[in-house]
Amino acid sequence: MIIMMKYGAAQEEITAVIERIEEEGFKTHVSAGEQRTIIGIVGSDVQRLYGDFAGMIERFPGVEQTIPISKKYKLSSREFHPQNTVVDVGGGVLVGGEELVVMAGPCSVENEAQLLETAFAVKAAGAKILRGGAFKPRTSPYQFRGLGREGLKLLAKAREETGLRVITEVMAVEDVEAVAQYSDILQIGARNMQNFQLLEACGLANKPILLKRGLSATIEEWLLAAEYILATGNGQLILCERGIRTFETYTRNTMDISAIPIIHKISHLPIIADPSHGTGKWYLVSPLALASVAAGADGLIIEVHPNPDHALSDGPQSLTCENFAKLMPQVSWVAAAVGRAVDDSHEADDRFSSSKPISTVGLG
Ligand code: PEP
Ligand code: MN
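Counting from 1 along the sequence shown, just add 8 to a position and that's the residue number in the numbering used here.
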């Protein structure tokens, strides 16, 4: 951070600012120009001075403005950690490497039959990780809020039967231990992106974490949330762009595809895309999934349901197993076009494979 003094600021004013900075344990570098003095702050953890401290310095007489030089976030920044982070979620599945990883499954775990049918279908199409909410953050308390611990057990069963890795959301600090016991990845949902106690508790659970972008979070706020996790010493962190709230009401959210290359530019963390929540409409999921891959996403998380018109949550945005199977080869093609690969060493299941393009008319 540098502090620009006003034209003709008095020496006592300059000294007062320097003393206040030194009181915080930082050194200063003063460059006295003909008309203006600039004070640079020297220190490795200057991030702690951003925000309130910078604002307080601007209250000092003779100060024109403070200017941040380095980023507010540090542990998640590429400046601090130039090489890409690759997250090992077990079972040979790496997120952030050359291969794209697809996570798929129902919004909510509803019952054993629904989960197993979906799990086998997404596996046959090439997904490596099964998603499914057991603890559901619903905007309305009158909607299905998940099976809770029963849902975790069903996920563990599906994991055992299919060999897929599992991801599920954890909503509360008191559930972290139970979720960590059953799930390979802890998902922190958009509504909890700034639940700082939850971020720390998940960080300490020593499991890979998926941090979704908050409903109205800026990229900077998202990376500052990531700092809470990284500061616990857990570097196994994946980011997930899932759409943000804008003035547009046609879609549930506006899928911010630009966030994908931006994150790659400013952070070393892998980023995957969730076009299901990003759009809210099943027929937009495949186009936005492909666009996200083209933009460099390290993976996708997609809601798939065997019977979307009977889903207990997010039916309108869920792909059928058939449409998911049609999407996967397209994901591979687009990935190849941008120098990435998708591991398709899965056993094909004829019930779900088709070379026809995805139809965007009719029921999902
Ligand atoms: C979900 O993945 O089902 C979910 C609730 O997502 P988000 O937190 O992005 O809304
Ligand atoms: Mn959902």
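In this text, a Cβ means the ideal position worked out from N, Cα and C, and glycines have one as well.
Taking its Cβ as the centre, do 16 or more other Cβ atoms sit within 10 Å of residue i, making it buried, or is it exposed?
i	result
T368	Bear in mind that a pLDDT of 43 at T368, under 50, signals an unreliable position, so the model cannot answer this.
A132	buried
R67	exposed
P365	Caution applies to P365, whose pLDDT of 44 falls short of 50 and renders its modelled position unreliable; the value that the coordinates give is listed next. Classification for P365: exposed.
V50	exposed
G63	exposed
T328	buried
H37	exposed
P316	buried
N119	exposed
I75	exposed
I309	buried
G121	Just to set this straight, residue 121 is Ala in the shown sequence, not Gly. By the neighbour-count rule (16 or more Cβ atoms within 10 Å), A121 is not buried but exposed.
I268	buried
F381	Within the shown structure, residues of the chain are numbered from 9 to 372, placing residue 381 beyond reach of any answer.
K4	The structure shown does not extend to residue 4, since the chain spans only 9 to 372, so no value can be given for it.
D183	buried
G372	Because G372 sits at a pLDDT of 36, beneath the cut-off of 50, its placement in the model cannot be relied upon, and the following sentence gives the value as read from the coordinates. Looking at its Cβ environment, which holds 16 or more other Cβ atoms inside 10 Å, G372 is buried.
K136	buried
K35	exposed
F128	buried
Residue range of the beta strand (DSSP E) that residue i falls in?
i	result
S39	K35 to A40
R173	R173 to E177
T23	No beta strand (DSSP E) holds T23; the alpha helix (DSSP H) holding it covers Q19 to E31.
G156	Run containing G156: none; DSSP gives neither H nor E here.
T45	T45 to V50
V71	V71 to I75
M9	First-last for M9: undefined, no H or E at that position.
Below 6 Å, is the gap between the Cβ of residue i and the nearest heavy atom of ligand 4?
i	result
H285	No copy of ligand 4 occurs in the structure displayed; its ligands are ligand 1 and ligand 2 alone.
At which residues does the alpha helix (DSSP H) containing residue i begin and terminate?
i	result
R63	Note that residue 63 is Gly in the sequence shown here, rather than Arg. It spans D60 to I65 - the alpha helix (DSSP H) in which G63 sits, taken as one unbroken run.
Q189	V184 to Y190
T287	P283 to T287
I268	A267 to I274
Say whether chain C places a C-beta atom closer than 7 Å to the C-beta of residue i.
i	result
E42	Protein chains in the displayed structure number just one, and chain C is not present.
Three or more C-beta pairs under 8 Å: does that hold for the segment 234-254 against the segment 195-211?
yes
Fill in: Inside the segment 295-365 only - beta strand (DSSP E) runs reaching at least 3 residues
307-311
What are the complete alpha helix (DSSP H) segments, minimum 4 residues, inside the segment 194-253? 204-212 and 227-238
Which ranges does the alpha helix (DSSP H) cover as unbroken runs of at least 4 residues, wholly within the segment 96-136, from first to last along the chain? 120-133
May I ask you to verify whether the segment 284-293 touches the segment 89-99, counting CB pairs closer than 8 Å and requiring at least 3?
no
Just the residues with CB closer than 5 Å to a heavy atom of ligand 2, in chain order, which are they? C115 and D322
task: Would you check if the segment 224-234 and the segment 194-208 touch, i.e. whether three or more CB-CB distances between them fall below 8 Å?
output: yes
So, does the segment 71-86 touch the segment 50-61, judging by three or more C-beta pairs under 8 Å? yes
Tell me, please, whether the segment 293-302 touches the segment 342-349 by the rule of three or more beta-carbon pairs shorter than 8 Å.
-> yes
Point to revise | At least three beta-carbon pairs within less than 8 Å, the segment 34-48 to the segment 12-20 | key: yes
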